[in-house]
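Be aware that the sequence shown starts at 314, since it is given in our numbering, and climbs by one per residue.
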Amino acid sequence: MKDREKEIDIVKIAADEMLKGSKMLGEHCKVCGFPLFQDRKGNKYCVYCRTLKEREEKEVKREIVSPSSGDNYEKIVDKKIEYLFKRLEGEYDVARIVEITEAIKALLKLKSKLE
Ligand SMILES: [Zn+2]
């Protein structure tokens, strides 16, 4: 069932196109084999390929908009600092304590750069 959800609903797309006034032609798309449509202006097009292309464009846009800014890095650094403090709490080996403290210092320094 899940795979079907991911698929493009061809029947619905075709119905939508016809509602818009386009008609289904006897020709088929050379790329995907989907029946070609013709809009009111006489332009032939493949709904399936067009939908795929639109989806790709949307995904590309989402990637650009997605938070890859400093905001995200800060969260990662915060998590690491939190983790290290927890480690520090249960650590009794002096060498390890020094190591963890150094790591925390480095992360705090990094964080101040991100801010
Ligand atoms: Zn096509």
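No residue lacks a Cβ here, since even glycine has one placed at the ideal position from N, Cα and C.
| query | result |
| --- | --- |
| With a threshold of 9 Å between beta-carbons, can Lys-366 be considered close to chain C, or not? | Although the question refers to chain C, the structure presented lacks it and comprises just one protein chain. |
| Got a sec? Which residues, its chain only, sit under 8 Å from Leu-427 by beta carbon, not counting five neighbours each side? | Gly-383, Tyr-386, Glu-387, Val-390 |
| Do the CB positions of Phe-435 and Leu-338 come within less than 9 Å of each other? | This structure cannot settle anything about residue 435, because the visible part of the chain is limited to 314 through 428. |
| Can you name the start and end residues of the alpha helix (DSSP H) that Glu-330 belongs to? | 323-332 |
| Ignoring anything shorter than 4 residues, give me the alpha helix (DSSP H) runs that lie fully in the region 339-367, in order along the chain. | none |
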